[in-house]
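**Student:** Protein chains in written order, with full-length UniProt numbering: chain A, 1 to 344; chain B, 1 to 344; chain C, 1 to 344; chain D, 1 to 344.
Glycine included, every Cβ here is placed at the ideal spot set by N, Cα and C.
Just so it is clear, the structure is predicted and the values come from calculations on it, not from any experiment.
Number of protein chains: 4
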Amino acid sequence: MFFASDNASGAPPEIMAALLKANAGYDRSYGGDRIMAEVTARIRQVFEAPEAAVYLVATGTVANALAIATLTPPWGAVFCHRHAHIEMDECGAPEFYTAGAKLVLVDGVHGRMTPETLSAALETTGASGVHGVQRGMLSITNVTEAGTVYTPAEIAALTAQARARGLPCHLDGARFANALVALGCTPAEMTWKAGIDAVSFGGTKNGLLGVEAVIFFDPAHAWEFELRRKRAGHLFSKHRYLSAQMLAYLTDDLWLTLAARANAMGARLGEGIAALNSAALTHPTQANMVFANWQQGGHARLQDAGAVYYDQRPLPDGRETARMVASWSTTEADVDDFITALRG
Amino acid sequence: MFFASDNASGAPPEIMAALLKANAGYDRSYGGDRIMAEVTARIRQVFEAPEAAVYLVATGTVANALAIATLTPPWGAVFCHRHAHIEMDECGAPEFYTAGAKLVLVDGVHGRMTPETLSAALETTGASGVHGVQRGMLSITNVTEAGTVYTPAEIAALTAQARARGLPCHLDGARFANALVALGCTPAEMTWKAGIDAVSFGGTKNGLLGVEAVIFFDPAHAWEFELRRKRAGHLFSKHRYLSAQMLAYLTDDLWLTLAARANAMGARLGEGIAALNSAALTHPTQANMVFANWQQGGHARLQDAGAVYYDQRPLPDGRETARMVASWSTTEADVDDFITALRG
Amino acid sequence: MFFASDNASGAPPEIMAALLKANAGYDRSYGGDRIMAEVTARIRQVFEAPEAAVYLVATGTVANALAIATLTPPWGAVFCHRHAHIEMDECGAPEFYTAGAKLVLVDGVHGRMTPETLSAALETTGASGVHGVQRGMLSITNVTEAGTVYTPAEIAALTAQARARGLPCHLDGARFANALVALGCTPAEMTWKAGIDAVSFGGTKNGLLGVEAVIFFDPAHAWEFELRRKRAGHLFSKHRYLSAQMLAYLTDDLWLTLAARANAMGARLGEGIAALNSAALTHPTQANMVFANWQQGGHARLQDAGAVYYDQRPLPDGRETARMVASWSTTEADVDDFITALRG
Amino acid sequence: MFFASDNASGAPPEIMAALLKANAGYDRSYGGDRIMAEVTARIRQVFEAPEAAVYLVATGTVANALAIATLTPPWGAVFCHRHAHIEMDECGAPEFYTAGAKLVLVDGVHGRMTPETLSAALETTGASGVHGVQRGMLSITNVTEAGTVYTPAEIAALTAQARARGLPCHLDGARFANALVALGCTPAEMTWKAGIDAVSFGGTKNGLLGVEAVIFFDPAHAWEFELRRKRAGHLFSKHRYLSAQMLAYLTDDLWLTLAARANAMGARLGEGIAALNSAALTHPTQANMVFANWQQGGHARLQDAGAVYYDQRPLPDGRETARMVASWSTTEADVDDFITALRG
């Protein structure tokens, strides 16, 4: 019953096998490995983007921060949801990598900006000439930090606001596969067809040891990104181990299979909680994350049963809100045991 | 005959086995994993430093840059050899991470600073009050970029110069094990007993997939380092995979065994080349790197034979200088075939 | 009728006379001038702070940014009001100078944080360990951007929140003299006695050509500040011209006389507007800034009469909010003409 | 006998008169003042550059650092002479403003790079792909730090090297007028006609209180520069005082008159020293700076006579090298008294 995060899971056997296979013999370092060429070709195919520039890094934080730093100057405001990962959970990595860009926080329930809230932020920022920061770029997270998803049409409605002002658009896809499976659309529909310029394409939360791809649909950004990555110490000498993971991830739809499992377990958990009188979902469950609250007695029972998840300090009515994240390795038994313990 | 770099090798079976073992089940993320506690204890023991703060990162560049940024402010000069890796091969990572510190380049043959050359640099830097950068810190590389080693006494003679001016001292140990084996001293003798405050303790070039430890003998630096690492996107969520590699590396003296093999092959290659009339070593061979030059005909024969290594543009006399690096996986046959091809 | 800003005024004759006097002969550069020693002594006396470190710079933006960068590391959150000058009007200077610190915006009507709104921000920031930015410092503006003032007790109530968490406190006193005159307290009461560690002590808006002092009550910050100032290109070679302005400003209470005039004109304007049926103050007038709104007809009449001030786009009811700033050189006739034109 | 620096002089009466005149009444702030429009037109005329973007700042350090940051990315090497002001005397301001660019130091006697030494530096930098910093830009100082000048042809020979590699070229003209007078050429010949893209056009050392212009011949850089200047706190609210100084400086050839005086006094001093048996020039005197050495007895006599200048620690033969800088206000008597005291 380990629901603390999808990054507490291990990797599926296909990934470990790929690592072992890649380990044999010598290969060129720093991204010149043979496997990386296959990864690039595969991602271009998956995204229907034959010109895309594709890079691998090891953490989601740096995927986001390097993509953002490549897309906006230090004086450019980065528009994002108030609870975006780049604002809440990266210790200021975007500010560090951009040399001091400002994140402008956009409102919206269930972790989602709306065209209206984004428009309001765009209008009040960058309106005072040289005295204020300039409008820089938009960053959208899908799956959001509240476990909800934007549809391609919703993404397009947001990017339209940004593009009308000439701003590039980034998608933080730490849980890209979970969003895709939830939406039933194609990678292209969720990204460049919806106005996205660059994607942090996550692998780690969905079963890799630590690999994320950064994809620029416009290859003009390629060389700058390479220099930024190297300068940040994020260019791996033994790069083949990253390549091997990503290639296996994209082979035989493994990435989609893993995400489908996680989402199914998320749905099962969300439905199980929603069916209880004693608990209430606080966000709709649309992918592999469940947010709900219940009385402290329920938390105590779960703790006794060995369940692991994050919860917040008690609300005035004594209820505590919890976040549970299912992963590719979550089992039906994990979910059912959780519900049983919560029900009491 | 792959001598381009020790980072073109794979990992030995012990490391892959450790990865597979660590993959089972759930574990806490972001360095809270069970294996990391063992790593910390083991490194403290190896270095006879029970208070040391120990962190893992994935590349040597970031190990150096984060250590340096933790030890010096943006206006602090970093004294290092003119050909140090931090100057030549990291695309300005130290400048990036320190927010603009200046590297002051110290002379010295065979990649080695001397107390005299360091003293000269220390004297002429930071002597103009607020108008110039201040003296910040010393960074020593062992094994040097020229394949030579500093003895503990030589390190102590350099750190004495720095410490007399109140400066902290960093050791870039990307090839720490190779130096240690070459010197036959203890890790403590090569570091804190010789005046070193922080170490980049390399693992990647000596058989890991991508793990380096950063060690601060004074734990006062710990929290700042943790924040810098996170903010740089270098804190791994699935940290256990880094821990597992490092623990296996330090188990049953694997790290020393690997380095001894690489050094032995380096020595064999160096001796083989030195014995030829047609070639000349340009630096003494003291660890696993060999530098030598010979006429272009020799290069052509080696290329035909499939040898891979770095060489520089021809000198006026037609000779080209080459760098060959042996690794843990280099075989005697690799070396002997190389010599055969070179001899012609 | 020039009410666009107090920085559109010239300098009073005492300041110009001091410049001319300081121009004679040679003097040491870079702050070693004879007049600066007098400035330091005078500011220490005025603030009852015999140990204070005192520096001069030429703009308010850099006074704030350098003070903030000296007080907080890059990962430290700077708590300030949502409409603070450092957030709205400095094009990200604090982020630039701190190498990427995050400004955390605190709510509060009429430009004023309250202990409650500050406490809420302090509680939700820095609560996730290494994953989020850390609590860094507090920055309070007095006079606020809404033309209101904090009393010393109100300042103390805010700094108490910060100090309870070990955070240093900065006062942006771009209109320090206006606040002081409005409050009738001493400089010490408004600063260190109320828990302030560093002050941007403005002179430019109150009659200087371009001089602000930065004061640290704890001189431990002195050398770091000097290096940051030099490195930013804000150390003047012919520093005597800055010193001369500041010394004249502090001589014979000139600074207080100038501020008293500006405040009196602000009050007269505020009262004049409040007495009209057609206009309404949107913030209380407590120093030299007046905020009010009225129908567009009034704006048209003022424009025809040559009045200069900032106004915002029309509200849904057709009213436009205006900001008028009085300065030391504003006359009663300026104010009365403004009211006459507005009344129509 | 104040020869410590040309920045220890005051301002000539024309400049003070212009300040007083500019002080009357209200004017728009932040560079929107009426005088600035005249300054821009005048500088475009002086430089025969009708499209140039022109900005004013208050110090030479920031003029250089902002120009450099506008011309090169953080990973771009800035090629400059080993003793350039940007390397020696700005406490790392270029590194700060560029977010960590590396200064690559070029050799050359008497403060001057040569096409050969520059070519060597260009060839060995940026030759290792993503692993090293990239070639970024060239910065030339005229008058050099050794008091020598580059002719337009010499400048063109250096910029040709840079431009062949696509690099922009900056001229640090802290003593622009002194160089121009020494060379007898036009501003255009010394700059854009010789391949220069941006100029730090100094005024402070030649009689202003503190104003330098930054000129970009390609106005494409304008908006970025404006944002960088604001963000650095170098945009003056009461900008008219900077404009007034610069306009007066450029009126009736005042700037050239002042520089001619300083150069004449430099020549007189250099000739006087050269005529002594006991002293020797260490650099040719080509503008207003004189470098020479003599025995300590001479230094003692000068000190007794009240002469002020910089000297370095004694050489092994007991001689000490001194730097004397003449300014617009240096008199023949100052020079002759100096020679008399030195002669003994």
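Short check: CB of residue 63 of chain D to CB of residue 200 of chain D, under 9 Å?
**Tutor:** yes
**Student:** Give me the Cα-Cα distance between residue 8 of chain C and residue 23 of chain D, rounded to the nearest whole angstrom.
**Tutor:** Roughly 10 Å between the two C-alpha positions.
**Student:** Would the beta-carbon of residue 320 of chain D fall within 9 Å of that of residue 293 of chain D?
**Tutor:** Cβ atoms of residue 320 of chain D and residue 293 of chain D: closer than 9 Å.
**Student:** Residue 235 of chain B to residue 92 of chain A, Cα distance in whole Å?
**Tutor:** Here the alpha carbons of residue 92 of chain A and residue 235 of chain B stand approximately 13 Å from one another.
**Student:** Note down, one range per segment and in chain order, each alpha helix (DSSP H) of at least 4 residues found wholly within the stretch 69-138 of chain C.
**Tutor:** 85-88, 93-97, 115-124
**Student:** If you draw a straight line from the C-alpha of residue 5 of chain C to the C-alpha of residue 326 of chain C, how long is it?
**Tutor:** Residue 5 of chain C and residue 326 of chain C: Cα-Cα distance of roughly 7 Å.
**Student:** By how many angstroms is the C-alpha of residue 178 of chain A removed from the C-alpha of residue 186 of chain A?
**Tutor:** 12 Å
**Student:** Which of the residues in the stretch 98-114 of chain D, read from start to end, lie with their CB under 9 Å from any CB of chain B?
**Tutor:** Per Cβ criterion, the list reads 98, 99, 100, 101, 102, 103, 105.
**Student:** Tell me the DSSP secondary structure of residue 1 of chain C in three-state form.
**Tutor:** coil
**Student:** If you draw a straight line from the alpha carbon of residue 241 of chain B to that of residue 304 of chain B, how long is it in whole angstroms?
**Tutor:** 40 Å
**Student:** Under DSSP, the alpha helix (DSSP H) around residue 181 of chain D begins and ends at which residues?
**Tutor:** 176-183
**Student:** Could you list which residues in chain B have their beta carbon closer than 7 Å to that of residue 75 of chain D, in chain order?
**Tutor:** 91, 92
**Student:** With 9 Å as the threshold, decide whether the Cβ of residue 54 of chain B is near any Cβ in chain C.
**Tutor:** no
**Student:** Looking at the unbroken alpha helix (DSSP H) that takes in residue 334 of chain D, where does it start and where does it end?
**Tutor:** 332-343
**Student:** Straight-line CA distance for residue 2 of chain B to residue 81 of chain A?
**Tutor:** 50 Å
**Student:** Check distances from the C-beta atoms of the stretch 131-154 of chain C to those of chain A and list, in chain order, the residues that come in under 9 Å.
**Tutor:** 131, 132, 133, 134
**Student:** On the DSSP letters alone, give me the boundaries of the beta strand (DSSP E) that residue 173 of chain A sits inside.
**Tutor:** 169-173
**Student:** Just the Cα atoms here: how many angstroms apart are residue 277 of chain A and residue 163 of chain C?
**Tutor:** When rounded, the separation of the alpha-carbon atoms in residue 277 of chain A and residue 163 of chain C is 45 Å.
**Student:** Can you grab the Cα-Cα spacing for the pair residue 334 of chain A / residue 16 of chain A, in whole Å?
**Tutor:** 24 Å
**Student:** Considering residue 322 of chain C, what are the terminal residues of the beta strand (DSSP E) in which it resides?
**Tutor:** Where residue 322 of chain C is concerned, the enclosing beta strand (DSSP E) stretches over 319-325.
**Student:** Starting from residue 311 of chain A, follow its DSSP beta bridges and name the residues at the other end.
**Tutor:** In DSSP, residue 311 of chain A forms a bridge with A:322.
**Student:** Taking all protein chains shown into account, do 16 or more other C-beta atoms lie within 10 angstroms of the C-beta of residue 251 of chain C, making it buried, or fewer, making it exposed?
**Tutor:** exposed
**Student:** Evaluate residue 243 of chain A with the Cβ neighbour count: other Cβ atoms within 10 Å of its Cβ, from every protein chain shown; 16 or more gives buried, anything less gives exposed.
**Tutor:** buried
**Student:** Write down the C-beta distance between residue 35 of chain B and residue 247 of chain B rounded to the nearest angstrom, noting that I regard them as a contact closer than 8 Å.
**Tutor:** Distance from residue 35 of chain B to residue 247 of chain B at the Cβ level is roughly 6 Å; contact confirmed, criterion being Cβ atoms closer than 8 Å.
**Student:** Exposed or buried, what is residue 128 of chain C when buried is set at 16 or more other beta-carbons lying within 10 Å of its beta-carbon?
**Tutor:** exposed
**Student:** Please check if any C-beta of chain A sits within less than 9 Å of the C-beta of residue 28 of chain D.
**Tutor:** no
**Student:** How is the beta strand (DSSP E) around residue 215 of chain B delimited, first residue to last?
**Tutor:** 212-216
**Student:** Give me the chain B residues within the contact set of residue 62 of chain A, using Cβ-Cβ distance strictly less than 8 Å, ordered along the chain.
**Tutor:** 232, 233, 234
**Student:** Evaluate the contact criterion for the stretch 105-112 of chain C versus the stretch 159-176 of chain C: three or more CB pairs, one atom per stretch, below 8 Å.
**Tutor:** no
**Student:** Under the assumption that residue 98 of chain B contacts residue 61 of chain B (Cβ atoms under 8 Å), give the Cβ distance between them as a whole number of angstroms.
**Tutor:** So it is not a contact: roughly 13 Å between Cβ atoms.
**Student:** Would residue 96 of chain C count as contacting chain A if we go by Cβ distances under 9 Å?
**Tutor:** Residue 96 of chain C counts as touching chain A.
**Student:** At a cut-off of 8 Å, is residue 166 of chain A close to the ligand SAH when judged by its beta-carbon and the heavy atoms of the ligand?
**Tutor:** The model on display carries no ligand, and the ligand SAH is accordingly not part of it.
**Student:** For the stretch 208-222 of chain B, list every residue whose C-beta sits within 7 Å of some C-beta in chain A, in sequence order.
**Tutor:** 209, 210
**Student:** Mind checking which residues open and close the alpha helix (DSSP H) that includes residue 20 of chain D?
**Tutor:** 13-22
**Student:** When you compare the CB positions of residue 232 of chain D and residue 66 of chain D, do they come within less than 9 Å of one another, or not?
**Tutor:** yes
**Student:** Expressed to the nearest angstrom, what Euclidean distance is found between the alpha-carbon atoms of residue 104 of chain C and residue 74 of chain B?
**Tutor:** 25 Å
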